[in-house]
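One structure below.
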Amino acid sequence: MASKVERIQSLIAKNLAEIIQFQVKDPRLGFVSIPEVKVTQDFSYAKIFVSFIKDEDIANGMEVLERSKGYIRSELAKRMDTRRVPELIFVLDETFKKAKQLEDLINKK
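With our numbering applied, the sequence shown has no gaps in its numbers, which climb one by one up to 96 at the end.
Shown next as structure tokens:
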């Protein structure tokens, strides 16, 4: 059985994906995905790992997410049945980029 923290992380990831895709209406955002969410044990902070398909979208996308953080958190609060909605911290997830570089390196040999 999943722990409460894991359930909250999953719920936040699902809801954030929907909010960002359908409610944040900024064309500079590009295509963003949320591969992972980490919540502190006291639910006060949530580290949201985000990745972008195009490298050119990263700077603008991170700026849009930071500027929309308050709106996104308020929309998240409307969807969650928890007493506290964590403070959102957006972090660029470069796992996909590093995996691609490693794959390219392997293919060269």
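All residues carry an ideal CB built from backbone N, CA and C; glycine is no exception. The model shown is predicted, which means the values in this text are computed figures rather than measured ones.
- Bridge partners of Val78 according to DSSP: Phe36.
- The residues Ile6 and Gln10, in chain order, have a CB closer than 7 Å to that of Glu62 in the same chain once the five nearest residues on each side in sequence are set aside.
- Scanning Ala4, Arg66 and Val(-8) for the CA closest to the CA of Phe36 turns up Ala4.
- Around the beta carbon of Val78, fewer than 16 other beta carbons sit within 10 angstroms, so the residue counts as exposed.
- Excluding residues up to 5 positions away in sequence, nothing lies with its Cβ nearer than 6 Å to the Cβ of Met67 in the same chain.
- For Lys65, the uninterrupted alpha helix (DSSP H) segment begins and ends at Lys56 to Arg66.
- Counting only residues of its own chain and dropping the five nearest sequence neighbours on each side, Asp13 has a CB closer than 8 Å to the CB of Val51 and Ser55.
- By the Cβ test, the region 86 to 94 is not in contact with the region 41 to 48, since fewer than three Cβ pairs between them sit closer than 8 Å.
- Judged by DSSP in its simplified three-state form, Val11 adopts coil rather than helix or strand.
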